[in-house]
Structures are given as structure tokens and as C-alpha cells.
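Please read the structure below before turning to the comments.
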Amino acid sequence: MERDLIIALAKAAGLEKALAEHPDDVAAAAAQAAETGGAIRVPTDPAVEPWPPMRPGIGQ
Amino acid sequence: MNELHWLTIAETAAAFAARRVSPVELVSALLSRIERLEPRLHAFVRLDADLAMDAARAAEREIAAGRIRGKLHGIPVGLKDIIDVAGLPTTCHSKILLDNVARADATVTAKLRQAGAVILGKLATHEFAIGGPSFDLPFPPARNPWNPNHHPGGSSSGAGAGVAAGLFPAAIGSDTGGSVRNPASCSGIVGLKPTYGLVSRRGVFPLSYTLDHVGPLARTVADIALLLDAMAGHDPGDPGSAPCGARNFGRELERGVRDLRIGFIRHFHETDMPAAPEMTAAIDDAARVLEAEGALVRTVTLPSLNEFAAVNRVILASEAWSVHAPWLRTRPGDYGQLARRRLMPGAFIPAGDYVGAQRRRAQMIAAVEDAFRDVNVLLCASSMDPASRIEDAAETARTYPRQARTPFNVTGHPALAMMSGLSEGGLPLSVQFAGRYFQDATVLRVAAAYERATEWHNRRPPIG
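One line per chain: the protein sequences are A and B, in this order. Everything in the first sequence is counted per my numbering, starting at 14 for the first residue and increasing by one. Everything in the second sequence is counted per my numbering, starting at 101 for the first residue and increasing by one.
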């Protein structure tokens with residue numbers, strides 16, 4: 014993830030203070046996030062719903 | 101009789117009933133041992149000796165009067181410091197919550213008290229149950245009684261260290277990516293992540309709502325069953341709590357494994373994340389032991405361990421960010437560096453990736469359920485390496501993710517880790533068993549058979 018993008022996303026998430034005080038940690042977190050999702054084979058079938066499913070409660 | 105500090109819960113209950121030992125004698129002995137060993141182990145964030153002695157005296161009076169509540173009556177227990185005890189701080193081992201005094205007991209605390217357990221105090225954890233051993237927090241990290249230069253596993257690190265060192269016979273931890281089973285593995289004891297929804301999380305500080313579990317650690321499988329009897333049950337105060345009643349989780353402990361079908365997930369430790377040779381040998385030996393006991397062991401293939409871990413990471417990071425965003429925005433410097441780095445990734449994960457991980461999770465659950473149509477229990481690695489040196493951050497960062505516990509946080513199936521050997525360096529090796537939903541008793545049955553057939557549970561760390 015490029016530095017400018019990291020800064021923009023961090024600011025959008027409200028992490029201005031962390032950016033100022035712990036820029037290396039913000040960059041490390043962004044790098045972790047970028048590495049994390051790639052290994053997942055997200056279902057291509059739109060019918061596959063997420064877990065946990067919605068629960069309507071018990072009707073009381 | 102064994103030295104008091106090595107008595108199991110079951111042995112202690114028998115000793116109490118026969119008036120050979122009293123709860124006050126036991127707690128006094130443990131407090132002396134804690135005073136001697138705690139400076140080397142740092143298992144506690146807060147030891148409350150007065151609270152413990154008051155509870156021990158109350159238990160002693162009731163037992164003497166014949167009002168025995170059950171096997172946990174008068175048994176000392178430590179709680180990970182993310183679990184509320186009314187009137188005590190729940191700090192989560194963090195500067196963020198140093199003054200956070202709990203107004204009420206967590207449901208699991210209340211259930212243990214109801215069963216007569218004696219709460220000794222609050223135990224060390226990784227900050228907010230994430231990260232790793234850290235030296236920039238208000239309290240030092242717990243250390244491994246087998247070798248204090250190594251970490252005891254985490255995040256329920258004080259629980260693992262304290263149970264293994266004989267500071268207390270039982271502890272309660274939490275498990276979001278393996279945090280009960282890791283200290284059980286690293287410290288050479290037994291730790292159970294129960295089925296998702298079986299034990300209430302109300303009053304336990306959340307890390308990841310759909311991955312969090314609360315579970316017991318002890319030195320024997322039978323003690324885990326006794327603890328689970330007290331802890332389990334439906335709680336309307338926990339949105340994830342399942343509509344299940346408490347039951348006798350030790351009912352199958354003596355049945356053995358003859359004709360039980362055990363699925364051996366070899367690819368987790370052979371190809372997905374190749375384990376250290378001595379760990380591989382210990383896992384393979386566990387399969388042979390169970391086969392010799394009469395189990396039918398067959399190889400099972402599941403989605404790759406790396407993908408389970410990725411799904412766990414995306415979900416954990418996203419949900420943890422939702423919990424911690426307000427503090428990360430305003431007080432980032434009050435976190436230790438490890439937790440800060442592990443809690444912020446959620447800010448950079450798109451919502452679609454989170455939902456995608458939850459959708460893949462549904463398929464992974466289906467794959468594991470499919471495997472359970474053919475086998476009763478799964479056998480696999482827990483850790484791929486013995487515990488790293490606690491002050492070697494690079495070694496810890498390299499070895500910590502090398503584990504096979506996250507699959508069962510992703511799926512919610514019950515999973516237990518226990519000691520299965522000793523490394524050349526004198527550190528515990530481990531194995532893991534997982535079972536069908538709400539068949540925690542069957543997991544305990546297999547673990548008990550393995551325990552009976554081996555001697556690892558009788559080994560004690562050279563801590564004195």
C-alpha cells in the first residue's frame with residue numbers, strides 16, 4: 014500500500030493522532046491489512062451468505 | 101497425598117470431603133507458593149489474598165456443615181484479566197483500562213462462585229488479549245515455568261503459567277485465535293475452547309464478537325470437565341449464547357476410544373505450515389497412541405490452514421477495530437506497540453473484505469461439518485514450535501502465527517490442546533483434538549484416553 018494512500022485511509026478512519034505519534038505502527042497496520050485478505054477464496058456464488066446468519070429472535 | 105499445590109480438582113474435592121485438607125489450608129499453601137514463585141513468573145496482574153481467604157473460610161464453614169456444593173467447592177481459580185469480578189479492576193493488562201473497576205461479576209465468574217470456587221485474582225494476558233508478550237505495558241508479561249526465559253503462550257498467559265507452576269489448579273481464559281489452547285500447549289497443561297455459545301461471554305471484554313470463546317485451563321482432562329460443568333449454560337445476557345443446559349461433561353471420560361473414528365489432519369503440520377520435527381513426531385505419536393487404544397484413525401483433508409488463518413485475521417481485525425477505534429483515535433500512545441499494531445489493521449480492511457471472509461467462513465464450516473459426518477473427532481497440531489524465547493521479539497513474531505488453532509475459532513467447534521511431549525530443550529510439545537458442535541464431552545473422552553495412555557500429565561516444570 015502506498016504511503017499517500019495509507020495516510021488518506023488513516024485520516025479517513027480518524028487516526029490523525031496515531032499518524033503523528035506512531036507513523037511506523039500505522040504503516041505496519043496498513044501493511045498487515047493489505048497482506049491479510051489475499052489468501053481468502055471469497056465465494057463467487059452470490060447465494061453463499063455470511064456467518065453468522067441474521068437471527069430474528071424468538072418472537073417475544 | 102501429593103503436595104497440596106499439585107492436587108487436581110478431583111483429588112482436592114475428595115480431600116475436602118474426607119476432611120484431610122481444608123480450603124483455608126489449601127489457599128494458604130498456594131499463597132505461600134505464589135509469594136515465592138510470582139517474582140519469576142508474573143502470572144498475576146492482581147492477587148487478592150484477602151478476598152481469597154474470605155472465600156476459603158466461607159467454603160470451609162459450608163463444607164464442615166455438610167453443605168458441599170460440588171467438586172469446585174473451595175477450589176482456587178484464577179481469572180484472565182479481561183473477565184469481570186465485581187469490585188476489582190478489569191485492566192485487560194492495559195494502561196487504557198487501569199481504573200476500570202467492574203460493577204458486576206461476569207456470568208462465568210458468577211457461575212464459578214455459585215459452584216463454590218475461590219477467586220484468587222486476575223491473571224496476566226496479552227494486552228486486550230492480542231499481540232504477544234510485551235514489555236511496554238503497566239504489568240510485566242507472564243513467563244513459562246518450564247523455562248522463564250520463554251513465554252508461556254498467550255494470550256491467557258498468566259493462566260497457563262500459573263496452572264503449570266502449581267500456583268492454582270485451574271484458570272479461566274479466553275480464546276479468539278487460540279488464546280486458551282496456546283498457553284495450554286506452551287505450558288504443558290490442558291486447555292479447552294468449548295463450542296461457540298456454550299459458555300457465556302457476558303462480562304468478558306470483547307476482542308472479536310464472532311470468534312471469542314471463554315474456556316478453562318487445568319492440569320488434567322477430568323478437571324476441565326468439572327470446570328465446564330460449572331461454566332456452561334444458556335445466558336440471555338450473551339447474544340451468542342446457545343440454548344443449551346448444563347450437563348455432565350465428564351460422563352464419557354472412562355469410555356476409551358475403541359472403535360471411535362478419528363480424523364487426522366496431517367496437512368496442517370506437514371505441508372501448510374511444516375512443524376518442527378520434534379513437534380511432528382509428538383503429533384504423529386499421539387495418532388499412534390490412540391490407534392493402539394483401539395481408535396480408527398484416518399487422514400482427513402480440510403481447507404488450507406493458511407486460508408483458515410487469513411479468514412480469522414480479517415474477521416478479528418475488523419471486529420476488534422470496531423471495539424477499539426475510539427481509543428485508537430484518541431489515546432493511541434496508551435497502548436503497547438504490539439497491540440496498537442494488531443488492533444489498527446481493521447481501519448484499512450474494506451467492509452466487503454470482512455463480509456467476504458464471513459461468507460468464506462460459512463463454506464469452511466460446511467467443509468468441517470462434512471468431515472464430521474465420517475469421523476467423531478479430529479486430531480491435529482496445536483502449535484508448530486515449542487514456546488519462543490520471551491525477549492526475542494523476532495523469534496516470537498516468526499513462531500506465534502505458526503499454529504492450527506484458528507480453524508476452530510472460525511468454525512466454532514470445540515477444541516482442546518494438551519501436552520504430548522517435551523522438546524530437547526525441555527519445553528512442552530502439544531496436540532489438539534476437535535469435536536462436533538456441542539459434543540465437547542466426546543473431545544474430553546478422547547483427550548482422557550490419550551492422557552491415561554501417556555505420562556505427560558505427570559511431568560512437572562523444574563520451577564521448584
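C-beta: ideal position from N, C-alpha, C; glycine also. None of these values were measured; they are calculated from a predicted model.
(message) Counting C-beta neighbours from all protein chains within 10 Å, is the total for residue 222 of chain B 16 or more, i.e. buried, or is it exposed?
(response) buried
(message) Using a Cβ-Cβ distance cut-off of 9 angstroms, determine whether residue 54 of chain A contacts chain B.
(response) yes
(request) Compare the C-alpha of residue 446 of chain B against each of A/57, A/33, A/40 and name the closest. (result) A/40
(message) Just to confirm, is the Cβ distance from residue 325 of chain B to residue 544 of chain B under 9 angstroms?
(response) yes
(request) Pick helix, strand or coil for residue 249 of chain B, following the three-state DSSP scheme. (result) coil
(request) Output the distance between the C-alpha atoms of residue 122 of chain B and residue 135 of chain B, rounded to the nearest integer angstrom. (result) 20 angstroms
(request) Quick one: list the residues of chain B neighbouring residue 43 of chain A, beta-carbon separation under 9 angstroms, in chain order. (result) 444, 445, 447, 448
(request) Could you check what DSSP says for residue 544 of chain B in three-state terms: helix, strand or coil? (result) helix
(request) For residue 532 of chain B, name the three-state secondary structure that DSSP assigns. (result) strand
(request) Report yes or no: do the segment 239–255 of chain B and the segment 486–504 of chain B share at least 3 C-beta pairs separated by less than 8 angstroms? (result) yes
(request) Say whether the segment 171–178 of chain B touches the segment 263–273 of chain B, bearing in mind that this needs 3 or more beta-carbon pairs closer than 8 angstroms, one atom from each stretch. (result) yes
(message) Considering just the uninterrupted stretch of the alpha helix (DSSP H) at residue 398 of chain B, what are its terminal residues?
(response) Residue 398 of chain B -> not in any alpha helix (DSSP H); beta strand (DSSP E) instead, spanning 396–399.
(message) What does DSSP give as the partner residue(s) for residue 566 of chain B in the beta ladder?
(response) An answer regarding residue 566 of chain B cannot be provided, because it is not within the stretch 101 to 564 covered by chain B.
(request) May I ask you to list, following chain order, the residues of the segment 499–532 of chain B that have a beta carbon less than 8 angstroms from some beta carbon of chain A? (result) none
(message) Could you compute how far the alpha carbon of residue 561 of chain B sits from the alpha carbon of residue 522 of chain B?
(response) 11 angstroms
(message) For residue 415 of chain B and residue 311 of chain B, which I take to be in contact (beta-carbon distance under 8 angstroms), what is that distance rounded to the nearest angstrom?
(response) 6 angstroms
(request) Confirm, please, whether the CB-CB distance from residue 363 of chain B to residue 400 of chain B is below 9 angstroms. (result) yes
(message) I need the boundaries of the beta strand (DSSP E) containing residue 275 of chain B, first residue and last residue.
(response) 270–275
(request) Would you identify the three-state DSSP class for residue 183 of chain B, choosing helix, strand or coil? (result) strand
(message) Are the CB atoms of residue 56 of chain A and residue 463 of chain B within a distance shorter than 9 angstroms?
(response) yes
(request) Could you tell me which of B/482, B/239, B/468, B/320 sits nearest to residue 147 of chain B, measuring between CA atoms? (result) B/239
(request) Tell me, please, whether the segment 444–458 of chain B touches the segment 467–474 of chain B by the rule of three or more beta-carbon pairs shorter than 8 angstroms. (result) no
(request) Could you tell me if residue 178 of chain B is buried or exposed, where buried requires 16 or more neighbouring beta carbons within 10 angstroms of its beta carbon? (result) buried
(message) Counting C-beta neighbours from all protein chains within 10 Å, is the total for residue 235 of chain B 16 or more, i.e. buried, or is it exposed?
(response) exposed
(message) Counting only Cβ pairs nearer than 9 angstroms, list the residues of chain B close to residue 30 of chain A.
(response) 428, 429, 430, 431, 432, 433
(message) Against chain A, does residue 158 of chain B count as a neighbour if the rule is that its beta carbon must be under 9 angstroms from one of theirs?
(response) no
(request) Flag residue 20 of chain A as yes if its beta-carbon sits less than 9 angstroms from any beta-carbon of chain B, otherwise no. (result) no
(request) Could you work out which residue in B/111, B/449, B/495 is closest to residue 18 of chain A when comparing CA atoms only? (result) B/449
(request) Assess, as a yes-or-no matter, whether the segment 295–306 of chain B is touched by the segment 507–526 of chain B under the definition of 3 or more beta carbon pairs within less than 8 angstroms. (result) yes
(message) Would you call the segment 177–197 of chain B in contact with the segment 273–282 of chain B, where contact means no fewer than 3 C-beta pairs closer than 8 angstroms?
(response) yes
(request) Measuring alpha carbon to alpha carbon, tell me which of B/539, B/127, B/553, B/259 ends up nearest residue 344 of chain B. (result) B/539
(request) Give a yes or no on whether the minimum CB-CB distance between residue 409 of chain B and chain A is below 9 angstroms. (result) yes
(request) Would you mind sorting residue 48 of chain A into buried or exposed? The rule is 16 or more other CB atoms within 10 Å of its CB. (result) exposed
(request) For residue 457 of chain B, go through chain A and note every residue whose CB falls closer than 7 angstroms to its CB, in chain order. (result) 53
(request) Taking only beta carbons into account, state which residues of the segment 451–475 of chain B come closer than 7 angstroms to chain A, listed in chain order. (result) 453, 455, 456, 457, 458, 459, 460, 461, 462, 463, 465
(request) Count the other CB atoms, across all protein chains shown, that sit within 10 Å of the CB of residue 536 of chain B; report buried if there are 16 or more and exposed otherwise. (result) buried
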